Structures are given as C-alpha cells and as structure tokens.
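For the sequence shown, our numbering gives the first residue as 13, with consecutive numbering after it. Even for Gly, the Cβ is constructed at its ideal location relative to N, Cα and C. None of the values given here were measured: they were computed from a predicted structure.
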Amino acid sequence: MTYKVLVLKGDGIGPEVTSEAVQVLKVVARRAAVDFAFEEAVIGGAAIDAFGVPMRPETLKLATECDAVLFGAVGGPKWDNPNAAHRPEQALLTLRKELGLYANLRPVRTLKELLNASPLRPEIVSGVDLVVLRELTGGLYYGRPSEKRQGAEGREAVDTCFYSEAEIARAVRFGFDLARRRRKHLTLVDKANILSTSRLWREIGTEIAAENKDVTFDTLLVDAMAMHLLRRPTDFDVIVTENMFGDILTDEASMLAGSMGLLPSASIGSETNSVGFHIGLYEPIHGTAPDIVGRDRANPIAAILSAAMMLDLSFGMHAEAEWINDAVAGVLREGYRTPDLAAPGTKMTGCKAMGRLIRERLESMERDA
Ligand code: IPM
Ligand code: MG
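Given below as structure tokens:
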C-alpha cells in the first residue's frame with residue numbers, strides 16, 4: 013500500500029518540526045509495511061518570496077491529488093505588512109476551503125508527567141481530556157465583504173460573519189458523532205445573546221440534539237467558556253463552535269496541556285481519499301514562533317502527534333497512531349523536555365534530539381512487539 017502525503021513545511025519553525033514528523037512516519041512505514049510517497053511544496057511566506065504568491069495553483073492541485081497533507085506553520089514578521097497584497101495565511105485558508113475541511117479537531121489531554129508544566133494548578137488540569145471541534149470553513153474567516161475602505165468619515169473596515177444552516181448542521185452532527193464515541197457530552201459554544209449567527213447555531217444545535225438523546229447536550233456563551241475552561245476543564249468532553257471562537261479557545265486550551273508545542277490538530281470533511289478514509293490536513297496548532305527559528309529549540313511533539321492523527325483518520329492505522337502517542341508519552345515519562353516545557357530535574361533536549369528519542373522509542377517498541 014502506498015499513501016501519498018503532501019508535506020508543506022511552511023515558515024518559521026514549520027520546517028524544523030515537520031521534518032521530525034516525516035522521519036517518524038518513515039519509521040512507522042517500515043514496521044507497518046506501508047509506503048508513504050512524500051511530495052513537498054513551498055507554501056506561505058516562503059512561497060511569497062519565491063513565487064510572489066502564498067500558494068501556487070499547482071500546489072493546490074497536488075493537495076487535491078494526495079491522500080493527506082502534513083502541514084507545518086505559515087507566517088512571520090517579514091510578511092506582516094498590513095497593506096501587502098498577499099499574506100502567508102491565505103494559503104492555509106485556501107487549502108481548508110478548497111479541500112472542504114470543515115471539521116477541525118483539536119484534542120487536549122493532560123499527561124501526568126506534565127501536570128506541572130501548565131500555568132494552572134495540577135488539581136485543576138489533572139484528568140483533562142477534551143476535544144474542540146472548530147468549524148473551519150465559514151464565519152468571519154470567509155464572509156464577504158471583508159475589507160478596509162474609505163468611508164464618509166474616514167477609514168472604516170468591515171468583516172462579515174455568515175453561516176448557512178447546512179454549514180452549521182454538518183459541524184454539529186460531526187460533534188454528536190464524535191461525542192458518541194467518547195463520553196457522550198457535547199457543549200455548543202456561541203454568543204447567542206448578541207450574534208444572529210450564534211442564535212442560529214444554538215437553534216440548529218438544539219434541534220439536532222433532539223435526534224441525539226443519548227448524548228448530553230448543553231450550550232455556553234463563549235465569554236463564560238473562556239472562564240470555565242480554566243476553572244473546571246475536566247467537565248468538558250466535546251466542544252463544538254464556530255471558526256473564530258474555536259481559534260481563540262484552542263490557544264487558551266493549549267495551556268491546560270502545558271504548551272502550545274504539544275497540541276496537534278486534524279482538519280477533515282466529508283471527502284474521502286484513495287483508501288476510503290478522510291482527506292485531511294494535519295498541523296500543530298502552534299504558529300511559526302519567529303523568536304526561536306533555526307535554534308533547535310522548537311518542540312516537535314505537536315507535529316509528531318499531528319502525524320499520528322493522520323494515520324488514524326486518513327489511513328485507518330489506529331494501532332500505529334497509538335504507537336506514536338505511546339512513544340511520545342514514554343519519552344516525556346523519561347524526563348526529556350524541550351525548552352518550552354523545561355523544569356527543574358528534567359533533561360533538556362532540542363527539537364532534533366526530541367524527534368530522535370521518539371523514533372528510538374518507536375524502534376524499541378517495534379522490537380518488543
Ligand atoms: C490556527 C491559526 C490560523 C487560524 C492562522 C495561522 C491563519 O491561528 O490554525 O489556529 O487563525 O486559523
Ligand atoms: Mg489559532
């Protein structure tokens with residue numbers, strides 16, 4: 013079996029962490045007797061520098077022909093000019109939209125070994141196991157008009173939050189299906205006291221809940237959720253929400269686990285790939301971290317766990333995905349930490365060494381098996 017994977021390393025620490033994840037997949041391929049055919053393309057700021065656009069049409073075409081995309085990160089101060097015609101982030105937004113990746117899964121779990129890495133007290137974060145299902149192809153990210161313009165009284169700007177019933181319903185249904193396979197609790201997060209789009213989310217969520225009585229359904233306003241995530245995070249199982257709220261809440265939620273460098277994500281939709289599983293894009297939730305680029309200080313774990321999600325959701329390789337998760341937990345248990353997680357009494361490692369330790373652990377587990 014050969015799986016086609018498009019690797020888009022992007023900018024900043026994207027290349028460093030994605031390289032480690034690719035090498036992990038190569039170890040898995042040897043054991044599982046599958047082959048990964050890796051294609052690579054330039055994207056984001058690097059593509060603006062090389063070709064004048066954040067993503068070339070041929071790269072998008074390549075993405076549609078692959079079984080899954082492994083993504084690093086895009087953006088950086090160099091391309092931050094607010095008046096620039098092209099922005100690195102556009103590449104990611106186009107990929108999400110064109111591949112129909114409306115469901116962005118961002119799981120957050122705390123590991124016993126890392127309870128002290130969170131800025132929150134261990135008794136609060138102990139036992140957290142939730143997943144945020146962020147709607148990814150609608151809302152403020154895509155609504156038109158979205159522009160800065162000259163108005164009668166000076167400069168003005170507008171963004172549009174638009175959601176159709178179909179867009180909301182498919183995300184909510186995805187949430188119920190996911191919750192059913194977990195602890196059967198779905199929380200819809202909105203701002204229904206203010207926004208029309210949120211009131212529609214709540215209305216449709218409540219209708220679909222009536223058909224899914226085996227799952228406990230509740231709703232929370234997003235401002236309250238921002239607080240409850242820090243106060244009682246273990247109360248949540250699956251959280252479904254619109255694009256922008258999901259973006260903000262998942263950066264907050266990453267602090268429960270201890271570091272942004274730990275959190276993977278999967279973006280999938282209804283399309284299937286050549287092996288009958290989800291076409292998906294897999295990326296760490298962290299960004300390009302310009303302050304540590306090229307210094308071997310990045311944490312490759314989020315990228316490696318994203319590769320594990322790819323095995324699980326795009327290739328049906330559930331056991332191999334668990335195998336990677338176990339290897340990561342094992343290395344952390346042994347006390348190895350990248351600088352973002354450094355603590356007294358732990359063994360400081362760089363990005364490359366962390367990747368190598370995880371692969372070595374995989375190989376030794378391979379021998380045990
Ligand atoms: C994320 C990121 C992206 C987003 C950026 C890089 C466009 O913050 O995936 O959470 O806002 O969706
Ligand atoms: Mg974000």
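Asked                                                                                                 : Found
Three-state class that DSSP yields for Lys124 in the structure shown                                  : helix
Neighbour-count burial assignment, Phe174, 16 or more Cβ in a 10 Å radius                             : exposed
DSSP three-state assignment for Asn255, whether helix, strand or coil                                 : helix
Asp202 beta carbon near ligand 2 (any heavy atom closer than 6 Å)                                     : no
Sheet register partners of Pro119 (DSSP bridge)                                                       : Val143
Given Asp79 as reference, the closest of Gly273, Leu152, Glu295 and Gly288 once Cα atoms are compared : Gly288
Val170 burial status per 10 Å Cβ neighbour count (16 or more: buried)                                 : exposed
Asp259 Cβ short of 6 Å to ligand 2 heavy atom set                                                     : yes
Touching by the beta-carbon criterion (3+ pairs, under 8 Å), the region 225–242 and the region 95–103 : no
Three-state class that DSSP yields for Tyr153 in the structure shown                                  : helix
Buried/exposed call for Asp324, threshold 16 Cβ in 10 Å                                               : buried
Beta carbon of Ile316 nearer than 7 Å to that of Ala310                                               : no
Asp202 - containing alpha helix (DSSP H), residue span                                                : Note, Asp202: premise wrong, no alpha helix (DSSP H); beta strand (DSSP E) at His197 to Asp202.
Cα-Cα separation, Met366 to Asn285                                                                    : 31 Å
Exposure label - His290; buried when at least 16 CB within 10 Å                                       : buried
Leu104 Cβ short of 6 Å to ligand 1 heavy atom set                                                     : yes
Residues that Gly22 bridges to, as DSSP identifies them                                               : Ala85
Contact test: Glu101 Cβ vs ligand 1 heavy atom, cutoff 6 Å                                            : yes
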